[in-house]
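These notes concern the structure reproduced below.
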Ligand code: URP
Ligand code: ZN
Ligand code: ZN
Ligand code: ZN
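In the UniProt record's numbering, the protein residues as written are 1 to 483.
Below is the structure:
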C-alpha cells in the first residue's frame, strides 16, 4: 500500500517548493511532480512539513507524591492531534534507584505510545552504580543525560556530582542536559515565604526569580566547559538564562537553549489570578515570567541563540494541584502543552512575522533531530526519511479548550486562545493518525527510537579539548630540591 500527498508545498528547515510526496513502508520513497499512489491525500493550500518533535515530556512520571496525569497513551495522542510525531521523555530514577531499573519502568509504560518516542536519562543521584550503568544506557540508544540543579532534597545534584557526571557523559560521547535553577536559593526563599504567610501559588513565582535560573544556567555552562561536554539547557524561560546561553555560544561553547511554548506566550500575571485553581494549574518550574522576557526568547529563536521549542508536558489534574492548597511548595509542578505547541507557535510566531515557516520547522523538528542524532531519519522531508509528516493548513482556525483536547486533564493553560494554522493530516511513519481534527491513531503503534552517541559536535569538541588540554612543560634544567 502506498500513499501520496498531492498538491502541497513542501516546507523544510531550508527549502520551500511545490512537490508531491510518495510514501511506502512507512518511509518517503519519492518526492516529485504528479506522483501516484494507492491512497491520495489532498494537500492543496497546505504546507507539507516534518512532523514536530517534542524533546521534553514527562508522561506518567512519579513526581511530588503523585504521577503526571498524561501517560504515553493520552500524551502521544495529544501530540499527534497537534502535529507532533515524536516525543522524547525523561526516564527518571528515584534517588538510589539504578538507571537500568528506571529504564525498565519506562519501557513498561511506553508500549502504549501512538507515535515514536525516545528517552533521555535523568541523573538524580551519584555513585559507582550510576557511573557504571551510564555506559549501558548509551548502548541502548539513550545518549542524553539530564541533571536537576533544583528540587533540593529530592532530585537535585550538587556541583561535585554535576562535574563528575558531566565528565562521564562527555567520555561516553553523550550530551549533558540541565534543569537550571539554584535549588539551594529556591529552598531558602520558599521557607522564608511560607514563614511569612505567603502560601498561595503566586509565592511559587516569588520563590524562583529569574536570578536563580540565570545563575544556574551560567554555572552549568562553565561546569560543562570544564568537563568538555556539549550542554543542552531545558526550559530557558528568561533573559538572565538566555543571556548566559547567548554569551556562551558567541564564545564558541557547544550549548543549546530550549524555550517552552508556555514561556513564549504566557506570563506571570496568571499567578495573580483571584481563582486559586487558575493560578495553581499554571505552577511549573521555572515559573511563567514577566512579559518582557518573551521578547528575549523570541529574539533568541530568530537569531539562533535559542534552538528548540518544547513543552515540558507534565500535566496534573486540578485535584492533584489542590494537594498544595495550604502550601505552594506542595503543588505538583508542571503544565501541559503537547497538543498546542505547534498551533500556538505558528499563530504567535509565523502569523506575526517573528518566524518564517522554515524557521518554524527548524525549531519544532529539524534542529532537535540534529542535536539528538536522529536526522535525517526524523526532522526531514527527504527520500529515505520516516514518513512522520504534518500537512499543515495555515487557514484553519480553532479556539483552544479543554473540552475538546486529547490530554487527560480537566483544563488547558491556553484555554480560550484562538489559533490559526492546524494539521489537516498528521502521519506517523506513513499512517494517517489525524484528519482535520479527528484523531484516528493506534495505541501501541509508536516505536522506540535508539540514538547513536558521538555526534559531529561531540567529536569536534573532544578534538578541541584534546588539543587545548593542560600539558606538563618539558624542561631541561630542574633545580635541585632543598637548596
Ligand atoms: O515544573 C516542571 N517543569 N515540571 C516537570 C519537571 C521539570 O522540572 O522539568
Ligand atoms: Zn525541569
Ligand atoms: Zn481561570
Ligand atoms: Zn521537564
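We treat Cβ as the ideally placed atom computed from N, Cα and C, and that holds for glycine.
Keep in mind that this is a model prediction, so the values were computed, not measured.
So does residue i have its beta carbon nearer than 7 Å to some heavy atom of ligand 4?
| i | result |
| --- | --- |
| residue 283 | no |
Is residue i near ligand 1, in the sense that its beta carbon is under 7 Å from a heavy atom of that ligand?
| i | result |
| --- | --- |
| residue 179 | yes |
| residue 46 | no |
| residue 58 | yes |
| residue 314 | yes |
| residue 334 | yes |
At what residues does the beta strand (DSSP E) containing residue i begin and finish?
| i | result |
| --- | --- |
| residue 23 | 20-24 |
| residue 256 | 255-257 |
| residue 223 | First-last for residue 223: 210-227, but that is the alpha helix (DSSP H), not the beta strand (DSSP E). |
| residue 53 | 52-57 |
| residue 424 | 418-428 |
| residue 231 | 231-233 |
What span of residues does the alpha helix (DSSP H) with residue i cover, start to end?
| i | result |
| --- | --- |
| residue 433 | Run containing residue 433: none in the alpha helix (DSSP H); it sits in the beta strand (DSSP E), 431-435. |
| residue 3 | Element bounds for residue 3: not the alpha helix (DSSP H) but the beta strand (DSSP E), 2-6. |
| residue 344 | 341-345 |
| residue 397 | Premise fails: residue 397 lies in the beta strand (DSSP E), 389-399, not in any alpha helix (DSSP H). |
| residue 457 | 456-467 |
| residue 265 | 261-265 |
| residue 10 | That residue, residue 10, is in no alpha helix (DSSP H); its beta strand (DSSP E) goes 9-11. |
| residue 301 | 292-303 |
| residue 239 | 239-250 |
| residue 277 | 276-280 |
Taking Cβ positions, are residue i and residue j nearer each other than 8 Å?
| i | j | result |
| --- | --- | --- |
| residue 85 | residue 52 | yes |
| residue 364 | residue 309 | yes |
| residue 237 | residue 293 | yes |
| residue 412 | residue 336 | yes |
| residue 265 | residue 410 | no |
| residue 93 | residue 135 | no |
| residue 312 | residue 288 | no |
| residue 166 | residue 227 | yes |
| residue 211 | residue 240 | yes |
| residue 30 | residue 22 | yes |
| residue 58 | residue 74 | no |
| residue 295 | residue 414 | no |
| residue 4 | residue 25 | no |
| residue 79 | residue 88 | no |
| residue 27 | residue 450 | no |
| residue 371 | residue 232 | yes |
| residue 77 | residue 439 | yes |
| residue 301 | residue 355 | yes |
| residue 130 | residue 162 | no |
| residue 491 | residue 63 | This structure cannot settle anything about residue 491, because the visible part of the chain is limited to 1 through 483. |
| residue 204 | residue 119 | no |
| residue 316 | residue 304 | no |
| residue 361 | residue 13 | yes |
So is the beta-carbon of residue i under 7 Å away from any non-hydrogen atom of ligand 5?
| i | result |
| --- | --- |
| residue 235 | With respect to ligand 5, the structure shown offers nothing to examine, as its ligands consist of ligand 1, ligand 2, ligand 3 and ligand 4. |
Does any residue of chain B bring its CB to less than 8 Å from the CB of residue i?
| i | result |
| --- | --- |
| residue 424 | Within the model displayed, chain B is absent; a lone protein chain is all it includes. |
Runs of 4 residues minimum, wholly inside the segment 123-204: which ones carry the alpha helix (DSSP H) assignment?
128-139, 159-171 and 183-195
Does the count of Cβ pairs from the segment 136-143 and the segment 104-114 closer than 8 Å reach three?
no
Would you say the segment 192-199 touches the segment 163-183, given that touching needs at least three Cβ pairs under 8 Å?
no
Contained alpha helix (DSSP H) runs [length at least 4] in the segment 355-379, N- to C-terminal order
357-361 and 367-371
Three or more C-beta pairs below 8 Å linking the segment 180-189 and the segment 144-156
yes
Report yes or no: do three or more beta-carbon pairs, one from the segment 339-346 and one from the segment 419-428, lie closer than 8 Å?
yes
Enumerate, from N- to C-terminal direction, the unbroken beta strand (DSSP E) stretches of 3 or more residues contained entirely within the segment 30-106.
39-42, 47-50, 52-57 and 84-91
Stretch pair the segment 273-290 + the segment 244-256: three plus CB contacts closer than 8 Å:
no
Ordered list of alpha helix (DSSP H) runs contained in the segment 310-345, each at least 4 residues
318-321 and 341-345
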